[in-house]
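All letters in the sequence shown, in the order written, are residues -25 to -1, 1 to 294 by mature numbering (1 follows the signal peptide of the UniProt record, and there is no 0). Glycine residues also receive a C-beta, built at the ideal position from the N, C-alpha and C atoms. Keep in mind that this is a model prediction, so the values were computed, not measured.
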Amino acid sequence: MSSRIKLFIVCLLCSNTGFTLPAPADITWRLSSDTIWRLPPNTGHVSSTPEQALLLLRNTKLPDSSIWWPNVKLSLFIENLKANINFPLKIYQGSNTNFCGYAALSYLPLQDDPLSYTRFMLSLYLDGKATWNNISFETSPAIHQAAGTLHFKGILDIRHADQIWFLILADHFRSYLNFFNRRFHPGSEDTFWAAVNYGKFNRMIRQLLGWQVEARGSDVLRPHIPHLFDYLTNCLTTGTTYLYVNNTYLHKKNHNKFKSRFPTHYIVLEQIHRIPGQEDWVDIVYWDYGGRTLRQMDLHFLKRILFGVSHCTPPTDNK
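As structure tokens, then:
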């Protein structure tokens, strides 16, 4: 057991026994996928199972190549789908892209309804178009040509299903950020064409997935939430909670030296606990970049980087 995991277990024991640890410094730990300390899925709602999705994938005959996606390799497409079904938390937007919002959105369907996700992706591969929640996705020839050609993006280079998924979402859902970037061109995945502002992010969840979203915040002004810890704790008990944050602040060691003042990133808050004896300090566990992170921070710092809280609850009727 690593020393980081041991220290976290000590923190948990202390919280249950009444002991307190010294005031912590700002600490971030990336939780490995094989750690014995595991968290359950956080959607609190399941419309289908991975077994159903895998069965559909096995029983669907796919051509060796698609006339719609000439640069997508079938073997990479299938392996990518299997990985997303079996390990939904590992989906990653790729290096140096603006696909963060779409990867964050994927947290919900991959855990809540992998069958609908798989059916949608298979329809795209076979027919070049597909429908989800009565929304028709018919993309441009430029997108058909681009999928499978994105390179120098890390693991995304060989995740051809993710390339299709991210590109088609970016092509369909638009916002004011697309005013000067309405059409895809090579390299657009790195520009405002692929960016997801806060209003667009919440709209995608409502329209595509049918989830209810209570959103507080904006792209410019921070939300006024007087009792932030209590509010976030309550959100976690009734749904899935996204935080819209300034990622430059989140990963900068010296928090007194900032450059960007705007939000840049979406994370899924999975747990938040006060540190005993330190009322302004909390342990949080959040998901982003294909994995979970455990971090200690003070609530004042969290308020400084926080521009939006989206509390998402599932539809009342299963599909």
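Have a look at the DSSP bridge pairing and note the partners of residue i.
| i | result |
| --- | --- |
| K104 | E113 |
| D263 | G266 |
| Q187 | T288 |
| Y219 | Y241 and G283 |
Indicate the three-state DSSP secondary structure (helix, strand or coil) for residue i in the structure shown.
| i | result |
| --- | --- |
| G192 | strand |
| H275 | helix |
| R33 | helix |
| R178 | helix |
| L269 | strand |
| S98 | helix |
| T72 | coil |
| T291 | coil |
| P16 | Because the pLDDT at P16 is just 40, under 50, the model does not fix this residue reliably, and the value given afterwards should be weighed accordingly. Of the three classes helix, strand and coil, the one that applies to P16 here is coil, per DSSP. |
| Y67 | coil |
| H286 | strand |
| L281 | strand |
| I53 | helix |
| P201 | coil |
| A169 | helix |
| A122 | coil |
| D132 | helix |
| N156 | coil |
| T213 | helix |
| T93 | helix |
Considering only C-alpha positions, which residue in the set the options is nearest to residue i?
| i | options | result |
| --- | --- | --- |
| I200 | K278, F95 and W256 | K278 |
| K65 | T288, L281, P289 and W262 | W262 |
| L184 | A58, H275, I139 and Y77 | Y77 |
| F204 | D194, L218 and L30 | L218 |
| I143 | T291, F154, T288 and R158 | R158 |
| T215 | N71, D87 and E54 | D87 |
| L30 | K57, F52, T72 and I42 | K57 |
| T291 | T212, G162 and Q187 | Q187 |
| F141 | L85, Q68 and N61 | Q68 |
| C287 | F154, P38, E245 and T268 | E245 |
| D165 | S40, F237, L49 and N71 | N71 |
| R236 | L269, D194 and Y92 | D194 |
| V243 | W44, L101 and Y82 | Y82 |
| L32 | F176, N177 and T93 | T93 |
Can you list, in chain order, the residues of its chain whose CB lies under 6 Å from that of residue i, leaving out five sequence neighbours each side?
| i | result |
| --- | --- |
| A145 | A169 |
| A105 | F95, S98, L99 and F112 |
| N46 | G123 and T124 |
| Y151 | none |
| V171 | G76 |
| F52 | H135 and A136 |
For residue i, which residues of its own chain have a beta-carbon under 7 Å away from its beta-carbon, when the five flanking residues on both sides are left out?
| i | result |
| --- | --- |
| N55 | R134, H135, A136 and D137 |
| I280 | V220, N221, Y224 and L225 |
| W44 | Y100, H119, A122, G123 and I139 |
Leaving out five residues on either side along the sequence, give the residues of the same chain with a beta carbon under 8 Å from the beta carbon of residue i.
| i | result |
| --- | --- |
| I110 | H147, Q182 and L183 |
| W256 | A(-3), P(-2), R249, I250, Q271, M272, D273 and L274 |
| L196 | F282 |
| P89 | S23, T24, P25, Q27, A28, N59, I60 and P63 |
| H240 | C75, Y219, V220, N221, N222, L225 and D263 |
| V284 | A190, R191, G192, P198, I200, Y206, L207, C210, T216, Y217, L218 and Y219 |
(Q) If we require 3 or more residues per run, which beta strand (DSSP E) segments fall completely within the stretch 235 to 261? (A) Runs of the beta strand (DSSP E) lying entirely within the stretch 235 to 261 and spanning at least 3 residues, in chain order: 240 to 250.
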